[in-house]
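Residue numbers (the numbering used here): 18 to 129.
The beta carbon of each residue, even a glycine, is placed where N, CA and C say it ideally should be.
Note that this is a predicted model, so its numbers are computed, not measured.
One structure is given here, and the rest of the page talks about it.
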């Protein structure tokens, strides 16, 4: 039956020794992975956070905005932490400033 299952013979050899410099290679690999994570994830995220912070600080009365929930409206009142947005004539919603995701160009709401 040896023609169906090949025999496995052990090779003659010494003890397995770790190669010198293996720790340095590992440290270089970790440094490269950190650099990739920094440039692909951390740096763009911090840039987006700074842009959003500038957007929130620059909100003013009359701006047309979109919120995280998809509500489109016109800013009527700006406070320290909250903003009032007019969704429709006579309907105003009070939101946190952080809920505003983008400012639309003037006249966008009339086109909707």
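Nearest neighbour of residue i, chosen from the options [CA to CA]
{"i": "residue 91", "options": "106, 27, 85 and 54", "result": "106"}
{"i": "residue 87", "options": "43, 110 and 54", "result": "110"}
{"i": "residue 96", "options": "70, 108, 114 and 84", "result": "114"}
Rounded C-alpha distance that separates residue i from residue j
{"i": "residue 51", "j": "residue 58", "result": "10 Å"}
{"i": "residue 118", "j": "residue 48", "result": "35 Å"}
{"i": "residue 71", "j": "residue 42", "result": "42 Å"}
{"i": "residue 126", "j": "residue 55", "result": "39 Å"}
Expected contact under 8 Å - CB spacing of residue i and residue j to nearest Å
{"i": "residue 116", "j": "residue 85", "result": "5 Å"}
Own chain residues within Cβ distance below 7 Å of residue i, not counting five before or after
{"i": "residue 104", "result": "88, 90 and 110"}
{"i": "residue 44", "result": "none"}
Extent of the continuous alpha helix (DSSP H) to which residue i belongs
{"i": "residue 114", "result": "Premise fails: residue 114 is in no alpha helix (DSSP H) and is neither H nor E."}
{"i": "residue 64", "result": "60-74"}
{"i": "residue 128", "result": "125-128"}
Same chain, Cβ closer than 8 Å to residue i, five either side skipped, listed in chain order
{"i": "residue 78", "result": "92, 93, 94 and 95"}
Residue i: first and last residue of the uninterrupted beta strand (DSSP E) it sits in
{"i": "residue 103", "result": "99-105"}
{"i": "residue 90", "result": "89-95"}
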